[in-house]
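Engineer: Right, I'll just put the structure down here and ask away after.
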């Protein structure tokens, strides 16, 4: 049975810094131009410390702020995000602005198109201050697999630690920002909630198809989702309301109407299912304890807590996810051949010699690994047992979630099994250990389910994230329970 | 059953007549300046997403229905990945697991049925131009919708392959989904012969279906004369030869995956019914029906049915005139004068043919005058009825006038008269021709014959 939420007409949060700021801008009490000037100055100095930008776009932000100011002065509608500084993950194209998805092979590439999510944000008054750092094409969970000469963002809570990834720059800036800001990030297997958890901010990965992927540099098209990262749940809800919706340029975008996610909703007893497997071995005791405590607070706030089990998801989620993601990625990356755009080399030899030289030089190690594994998994003789099997498992995982949602409204787990690791620890991890860190996030990503990470505690001085997952298109439920958590 | 001497299978690629490309709104025709009809999608830029052209799906489904293929209830697209400079993304979006249609067939004029394996939609790669030092790429062609039609290895001579392609062309014309003036038809052919143990050779990229017959003829002769290995060959149209491209020990591996940017397309029964109403009666069915119900000559029927405009014109004209007369005149005379003048069926006004056939049917004019008039009609429109009146071209049945002409011609051609009397039948035809000429083709032929015979034998 679908849990229905009633709109109470009030707004969600008393910590609503963004909402108050936007109101001030819209009423003309605060100058967008002045506010962005300050934001840019602050971003410049923060970026020197934390390295969250691949390409800052301060001039663009200043110009957009100027336009907003002009609109306010002329009593024209400046939009629901008027004057908010918005950062954009490097993988989202902005026309005329270098967009590389963190890869050296796209160095110098200025797209002809702007991602729909970015266009909608700009149309709502957002001011784009920069492209944020990420693992090359999204291939990683720590933002260390960056292209040659691309920045590795440093965790604002401890700069010897990773911000998580792949949307590391987005979460890093969100945590560090002392100005009104939201980030547009992207997740394929956990790349929004992972860095949100590691940096102590809120990240929402929406239902697959809720936000148009037009203009997103593809990692794995059947898994890629664009979503917001912000300082609190309401900021994220506000940003999603702007970005979401059908787009005729993306055939996989949903035609379901978009709700005003920032409106506070009331609900009767929400049933929270705690996934048993997510509290097993292989995760930090401190993380488990803190997340359990957060769930207990939800119980105190009126939620009904039960335990559910997702054996297929937790046994086969990782291999299924990586087989599908790498198979798709290896075809997506085949277009980077140094001919039409991006990095190029002096012409030498035949076509094969040429593109092999470009790809050898400009792809990073992890990109090459995923091309090789992904190509292998779809070759005749292997395809049936890897690629096709993974698609079948994905269907079983979707069914398993559907079954779980027949008895609970949302699912709860830790977002990541441990706190943000030190760069020195990451260096020693094998690729397999790397992939296994996605164990808690690949499930909802494979099933295309919306999931929200909210910071719930500190362990060893570092943030811990609580991950909430809802049925398809029930972002409203996530925001509702997210606010309950914030207020608990 | 005897094993056939030659086995041929074809993979035909047809450029669909379509305003826009298969996955983007770029036009398929227009400015021929290279790389002017392009966008981020057909250039394979990152961030672009393919959007399926529904009209192309409609066209493919129409063809599949017309060929009696089994239409699959759900269409999926796949990525066929290989590195080649003409591929913007280094993969081609095509259909792999589930094509638009499986099976189906095409019946040749001689009644032989050629079975089909499958029919699917895919995008055309860009066009390459090789210069002495480099290679130029024109992306205007990138993303043009193609239909790939794969036959069973069911043909046994180049003749049959040509017949197959002719019939296919006719069907495409009926369905109005291929424009031979702007679109290109390409084929790959599999050829093997009994004498070489049916070792299969594939000939790639034969452009235009006249070339396909030439390439097959050459390749069969080559296989008879030389050892055959399993390989892929190309066709050099200028040299008139196939040439070795690469050995083919195993199938190429394209690492197909589903195209995740294009949602599955459901083919509902309602949709199929709506498309079915747009599939016209096909040429072979039309021809058969005409022979059965209108009793026209089977060869006339086959030839007239080949072109939709002609077939439709025939059906309209045959409602008002003798079908046999219309069929004969369209096939023998109209097609002859169209060939002569390079005009199209619709260049000759139908109303004028009505008038002409009326005159012929009522024997107001002779066949000879009819032929002259239809030749004139192909050049310039006029009213045959008016012209016959104005220029006094009506058939002459006046026995006295004809008697007079006969007497004159017999006087001029004494030798022919003597020959006839000596038993030479040919001489009669000669004399007949002379009289007809003297009467400027206007005399009723049966009257001339009667009068001439009477005089000669009288």
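Protein chains in written order, with this note's numbering: chain A, 1 to 488; chain B, 1001 to 1458. Note that CB positions come from ideal geometry on N, CA and C, so glycine has one too.
(1) Measuring alpha carbon to alpha carbon, tell me which residue in B/1242, B/1196, B/1220 is nearest residue 1207 of chain B.
(2) Contact defined as beta carbons within less than 8 Å: I believe residue 1262 of chain B pairs with residue 1071 of chain B. What is the distance between those atoms, to the nearest angstrom?
(3) With residue 1290 of chain B as the anchor, note down where its alpha helix (DSSP H) starts and where it stops.
(4) From the beta carbon of residue 1257 of chain B, is the nearest beta carbon of chain A less than 8 Å away?
(5) Distance cutoff 8 Å, beta carbons only. Does residue 1298 of chain B sit that close to anything in chain A?
(6) Round the Cβ separation of residue 60 of chain A and residue 128 of chain A to the nearest angstrom and send it over; I've been treating them as touching at under 8 Å.
(7) Roughly how many angstroms lie between the CA atoms of residue 134 of chain A and residue 52 of chain A, to the nearest whole one?
(8) My output table needs one value for residue 14 of chain A: the three-state DSSP class, helix, strand or coil.
(9) Can you list, in chain order, the residues of its chain with a C-beta nearer than 6 Å to that of residue 1374 of chain B? Leave out the 5 residues immediately preceding and following it.
(10) I need the DSSP call for residue 1278 of chain B, collapsed to helix, strand or coil.
(11) Using a Cβ-Cβ cutoff of less than 8 Å, which residues in the same chain neighbour residue 328 of chain A once the five nearest sequence positions on both sides are dropped?
(12) Would residue 1082 of chain B be called buried (16 or more neighbouring beta carbons within 10 Å of its own) or exposed?
(13) If you run the structure through DSSP and keep just helix, strand and coil, what is residue 1190 of chain B?
(14) List the residues of chain B whose Cβ lies closer than 9 Å to the Cβ of residue 207 of chain A, in chain order.
(15) Does DSSP put residue 412 of chain A in a helix, in a strand, or in coil?
(16) I need the boundaries of the beta strand (DSSP E) containing residue 1045 of chain B, first residue and last residue.
(17) Going straight from the alpha carbon of residue 236 of chain A to that of residue 179 of chain A, what length do you get?
(18) Sorted by chain position, which residues of the same chain lie with C-beta nearer than 7 Å to residue 1232 of chain B's C-beta, five sequence neighbours on each side aside?
(19) How big is the Cα-Cα spacing for residue 1319 of chain B and residue 1236 of chain B?
(20) Taking Cβ-Cβ distances shorter than 8 Å, what residues in chain B pair up with residue 106 of chain A?
(21) Could you tell me how far apart the beta carbons of residue 131 of chain A and residue 252 of chain A are, in whole angstroms, since I believe they sit closer than 8 Å?
(22) Can you check DSSP and say which residues form a bridge with residue 162 of chain A?
(23) Could you name the residues of chain A that residue 1040 of chain B contacts, counting a contact when the two beta carbons are closer than 7 Å?
(24) For residue 1095 of chain B, count the other beta carbons within 10 Å of its own beta carbon; 16 or more makes it buried, fewer makes it exposed. Which is it?
(25) Among the residues of its own chain, which have a CB less than 8 Å from the CB of residue 157 of chain A, if the five just before and after it don't count?
(26) Rounded C-beta distance between residue 1013 of chain B and residue 1146 of chain B? I'm assuming under 8 Å.
(27) Does the separation of the CB atoms of residue 404 of chain A and residue 468 of chain A fall below 8 Å?
(28) Use the C-beta contact count for residue 1159 of chain B: other C-beta atoms within 10 angstroms, 16 or more gives buried, fewer gives exposed.
(29) Is residue 1135 of chain B buried or exposed, if buried means 16 or more other CB atoms sit within 10 Å of its CB?
(30) Note down the Cα distance separating residue 14 of chain A from residue 484 of chain A, rounded to an integer number of angstroms.
(31) Would you grab the beta carbon distance between residue 1060 of chain B and residue 1100 of chain B for me? Rounded to a whole angstrom, and I think it's under 8 Å.
(32) Cβ-heavy atom distance between residue 141 of chain A and the ligand MG below 7 Å?
(33) So that I know if they touch, is there some Cβ in chain A lying closer than 8 Å to that of residue 1382 of chain B?
(34) Please name the residue, chosen from A/331, A/239, A/137, that lies closest to residue 258 of chain A on a Cα-to-Cα basis.
(35) Would you mind reading off the limits of the beta strand (DSSP E) that contains residue 407 of chain A?
(36) By the 10 Å Cβ neighbour count, where 16 or more other Cβ atoms means buried, how is residue 353 of chain A classified, buried or exposed?
Structural biologist: Reading it off the structure:
(1) With distances taken between Cα atoms, residue 1207 of chain B lies closest to B/1242.
(2) The beta-carbon distance between residue 1262 of chain B and residue 1071 of chain B, rounded to whole angstroms, is 18 Å. This is too long to meet the 8 Å contact definition.
(3) If you look at residue 1290 of chain B, you'll find it in the alpha helix (DSSP H) that goes 1283-1294.
(4) Chain A, which has a Cβ nearer than 8 Å to the Cβ of residue 1257 of chain B, makes this yes.
(5) False, the Cβ-Cβ gap to chain A never drops below 8 Å.
(6) Yes, they are in contact, since the Cβ atoms of residue 60 of chain A and residue 128 of chain A sit about 5 Å apart, within 8 Å.
(7) Computed Cα separation, rounded: 9 Å.
(8) Its pLDDT being 45, under 50, residue 14 of chain A is placed unreliably in this model, and the value from its coordinates should be taken loosely. Looking at residue 14 of chain A - three-state DSSP - the assignment turns out to be coil, as it is neither helix nor strand.
(9) Only residues of its own chain outside the window of five on either side were considered, and among them 1333, 1337 have a CB closer than 6 Å to the CB of residue 1374 of chain B, listed in chain order.
(10) If DSSP states are grouped into helix, strand and coil, residue 1278 of chain B belongs with coil.
(11) Annotation for residue 328 of chain A: 218, 219, 220, 221, 222, 223, 374 place their beta carbon closer than 8 Å to its own, counting only its chain and skipping 5 residues before and after.
(12) It counts as exposed.
(13) Reduced to three states, the DSSP call for residue 1190 of chain B is strand.
(14) Near residue 207 of chain A there are no residues of chain B at all, since even the closest Cβ is about 15 Å away, more than 9 Å.
(15) Strand.
(16) Following the DSSP letters along the chain, one finds residue 1045 of chain B in no beta strand (DSSP E), marked with neither H nor E.
(17) Using only the alpha carbons, I get a separation of about 15 Å.
(18) So the qualifying residues of the chain are 1202, 1204, 1245, 1246, 1248.
(19) Here the C-alpha atom of residue 1319 of chain B lies approximately 50 Å from the C-alpha atom of residue 1236 of chain B.
(20) Within chain B, the residues near residue 106 of chain A are 1046.
(21) Under the criterion of beta carbons closer than 8 Å, residue 131 of chain A and residue 252 of chain A do not qualify as touching, at roughly 24 Å.
(22) Answer by DSSP bridge pairing, in chain order: A/154.
(23) Within 7 Å Cβ-Cβ: 112, 113.
(24) Buried is the call here.
(25) Shown here for residue 157 of chain A: same chain residues with a beta carbon closer than 8 Å to its own, the five before and five after excluded, namely 175, 199, 200, 420, 461, 462, 463 in chain order.
(26) Contact flag correct, Cβ pair sits at about 5 Å.
(27) Contact: no.
(28) Under this definition residue 1159 of chain B is an exposed residue.
(29) Residue burial is scored here from C-beta neighbours: residue 1135 of chain B has fewer than 16 other C-beta atoms within 10 angstroms and is therefore classed as exposed.
(30) Low local confidence applies: a pLDDT of 45 at residue 14 of chain A is under 50, so the model's placement there is unreliable, with the coordinate-based value given in what follows. Each residue's alpha carbon lies about 12 Å from the other.
(31) Yes, residue 1060 of chain B and residue 1100 of chain B are in contact; Cβ-Cβ is about 5 Å, under 8 Å.
(32) Inclusion of the ligand MG in the displayed structure is not the case, the ligand content being empty and no account of it being possible.
(33) Judged by the 8 Å Cβ criterion, residue 1382 of chain B is not in contact with chain A.
(34) Measuring from the Cα of residue 258 of chain A, the nearest candidate turns out to be A/239.
(35) Judged by DSSP secondary structure, residue 407 of chain A falls outside any beta strand (DSSP E); it is assigned neither H nor E.
(36) Counting Cβ neighbours within 10 Å, residue 353 of chain A comes out exposed, since fewer than 16 surround it.
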